[in-house]
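S.K.:
Residue numbers (our numbering): 713 to 1027.
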C-alpha cells in the first residue's frame, strides 16, 4: 500500500480498485464486452444528437432536452468505463487520490444534472399535454436554456460540496475499493475519521436531488394521465401516451438503480450486487437511452435513418 506522510499520520494517497473480477481469464472477455458497450453508447448518443440537429421536426423543447441527456450519457460512461478498461489490460489497479476525487466529482455532476433534466422533461410533457395552447409561451427558447442551466448549476453545487466534504476525511488504513469506480459509499467505509457529516450531506442531497425531483415527476404525470384519459379518441390517447412512455422507462431505470446504490451506506456486504447496480447505472442505462427514445418514435427513427444511411427512410 502506497502511503504519504502528513504530520504524525500516514495517509493513503492511492487506492486500489478491484474492478468487476479478479479472475485473469475473464478480464480479456470483459474488456471486449465493455469496449463494445462504450463504443455503442458513444455512437448511439452522438447519432441521436446528429439526428436532432439535422431534422427540423426535432427542433422542439423535448428534443433539446433529449440532446442534453445524450451529452450527459456520453459523459457519464466516459467517467467510469475508460478507467475500468485500463485496469482490465493492466496489472496495475491503482487510482490516485486526486484522480479518485475527480472521478467522484464528475460522476455526481453528471448524475445530478441527469436527475434535474429528467424532471424538466416531465414538466415539458405536462405543459405539452395539459396546457397545449400556452406551451410555446411557457417553453420558449429562453426558458429551455434557463432550465438546462439551472440543472447544471444545482448539480455542480452538490458535486462540489460532496467532493470538498470527502476531501476532509482521512484515509489511513485499508485502501482497497471493491468496485470499479470511486463513489461515496465505498470511500466512507475506508475512512478512519467520522463520516457522520458526510452521510448527512449525502442524505440532504438525496432528498433535494432524488426524492424532490421524483415527486415532481410523479405529480406531472398524474396530471398527464388525467388529461389523456379525458381524450375521447383512442388514437389520440395512444399518441399522447407514446410521447411519455420512453421518458418514464428512462426515469424508472435511472431512479431504480440510483436508490439501490445509496440506500445501504453502512453495509460492507453485497459488494458484487453493488457492482451490478453500478453497471446498470453507468453503462447499460446510457447505452439503452438512445434505443428507448427511438423505438416508438417515427420522427427519431426517420432522422436516424437519414444520419446513418444518407437516404430518406422507406415508407
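Here a beta-carbon is modelled for each residue, glycine too, at the ideal position from N, C-alpha and C.
(1) Span of the beta strand (DSSP E) holding residue 727?
(2) Any idea what DSSP makes of residue 929, helix, strand or coil?
(3) Looking at C-beta atoms only, is the number of pairs between the stretch 942–956 and the stretch 811–829 that lie closer than 8 Å three or more?
(4) Let me check one thing: in DSSP terms, what residues is residue 889 bridge-paired to?
(5) For a test of the three-state rule: what should DSSP assign to residue 965, helix, strand or coil?
(6) Is residue 856 near the ligand MG - that is, is its Cβ less than 7 Å away from at least one heavy atom of it?
(7) I'd like the list of long-range same chain contacts for residue 1019, defined as Cβ closer than 8 Å, with 5 residues on each side in sequence excluded.
(8) On the premise that residue 889 lies in contact with residue 729, defined as a C-beta separation below 8 Å, what is that separation, rounded to the nearest angstrom?
(9) What number of angstroms, rounded off, separates the C-alpha of residue 789 from the C-alpha of residue 998?
(10) Identify whether residue 806 lies in helix, strand or coil by the three-state DSSP scheme.
(11) Closest to residue 927 by C-alpha separation, out of 743, 830, 772, would be which residue?
(12) If I'm right that residue 731 touches residue 774 with Cβ under 8 Å, what's the distance once you round it to whole angstroms?
(13) Once DSSP output is grouped into helix, strand and coil, what is the label at residue 977?
(14) Mapping DSSP to helix, strand and coil, what is residue 820?
(15) For the putative contact between residue 872 and residue 907, defined by C-beta atoms under 8 Å, what is the C-beta separation to the nearest angstrom?
(16) For residue 1007, is the classification buried or exposed, using 16 other Cβ atoms within 10 angstroms of its Cβ as the cut-off for buried?
(17) Please report the distance separating the alpha-carbon of residue 925 from that of residue 787.
(18) Mind checking residue 897: buried by the 16 CB within 10 Å criterion, or exposed?
(19) For residue 882, does the three-state DSSP call read helix, strand or coil?
(20) Measure the alpha-carbon distance for residue 798 versus residue 743 and round it to whole angstroms.
M.R.: For this structure:
(1) Sequence index remark: in the chain shown, residue 727 carries index 15 (1-based). Here the beta strand (DSSP E) through residue 727 covers 726–729.
(2) Taking the chain shown and counting its residues from 1, one reaches residue 929 at position 217. Correct three-state label for residue 929: helix.
(3) no
(4) In the chain shown, the residue the question calls residue 889 occupies position 177. Per DSSP, 729.
(5) Here residue 965 refers to the residue found at position 253 of the chain shown. The answer is helix: DSSP assigns residue 965 an H, G or I state.
(6) The ligand MG is absent from the structure shown, which contains no ligand whatsoever.
(7) As a first step, residue 1019 must be located in the chain shown, where it is residue number 307. If we look at residue 1019 and ignore the five residues flanking it on each side, its Cβ neighbours are 759, 762, 763, 766.
(8) Looking up residue 729 in the chain shown gives position 17. Looking up residue 889 in the chain shown gives position 177. Indeed they touch by this definition, with Cβ atoms about 5 Å apart.
(9) Position 77 of the chain shown, counted from the first residue, corresponds to residue 789. Position 286 of the chain shown, counted from the first residue, corresponds to residue 998. So the two alpha carbons sit approximately 7 Å from each other.
(10) In the chain shown, the residue the question calls residue 806 occupies position 94. In the structure shown, residue 806 sits in a strand (DSSP, three-state: E or B).
(11) Position 215 of the chain shown, counted from the first residue, corresponds to residue 927. Comparing Cα positions, the closest option is 830.
(12) For this step, residue 731 is matched to residue 19 along the chain shown. For this step, residue 774 is matched to residue 62 along the chain shown. No, residue 731 and residue 774 are not in contact; Cβ-Cβ is about 38 Å, not under 8 Å.
(13) Numbered from its first residue, the chain shown carries residue 977 at position 265. With a pLDDT of only 49 at residue 977, under 50, the local geometry of the prediction cannot be trusted, and the value read off the model is given with reservation. Reduced to three states, the DSSP call for residue 977 is coil.
(14) Locating residue 820 in the chain shown gives position 108, where the first residue counts as 1. The answer is helix: DSSP assigns residue 820 an H, G or I state.
(15) Translated into positions along the chain shown, residue 872 becomes position 160. Translated into positions along the chain shown, residue 907 becomes position 195. Actually they do not touch by this definition, with Cβ atoms about 18 Å apart.
(16) In the chain shown, residue 1007 corresponds to position 295, counting from 1. Classification of residue 1007: exposed, given that the 10 Å Cβ count is below 16.
(17) For this step, residue 925 is matched to residue 213 along the chain shown. For this step, residue 787 is matched to residue 75 along the chain shown. C-alpha separation (whole angstroms): 21 Å.
(18) Taking the chain shown and counting its residues from 1, the one referred to as residue 897 is at position 185. Label assigned to residue 897: buried.
(19) As a first step, residue 882 is located in the chain shown; it is residue number 170 there, counting from the start. The answer is coil: DSSP assigns residue 882 none of H, G, I, E or B.
(20) Within the chain shown, residue 798 is the residue found at index 86, counting from 1. Within the chain shown, residue 743 is the residue found at index 31, counting from 1. Answer to the nearest angstrom: the Cα atoms are 9 Å apart.
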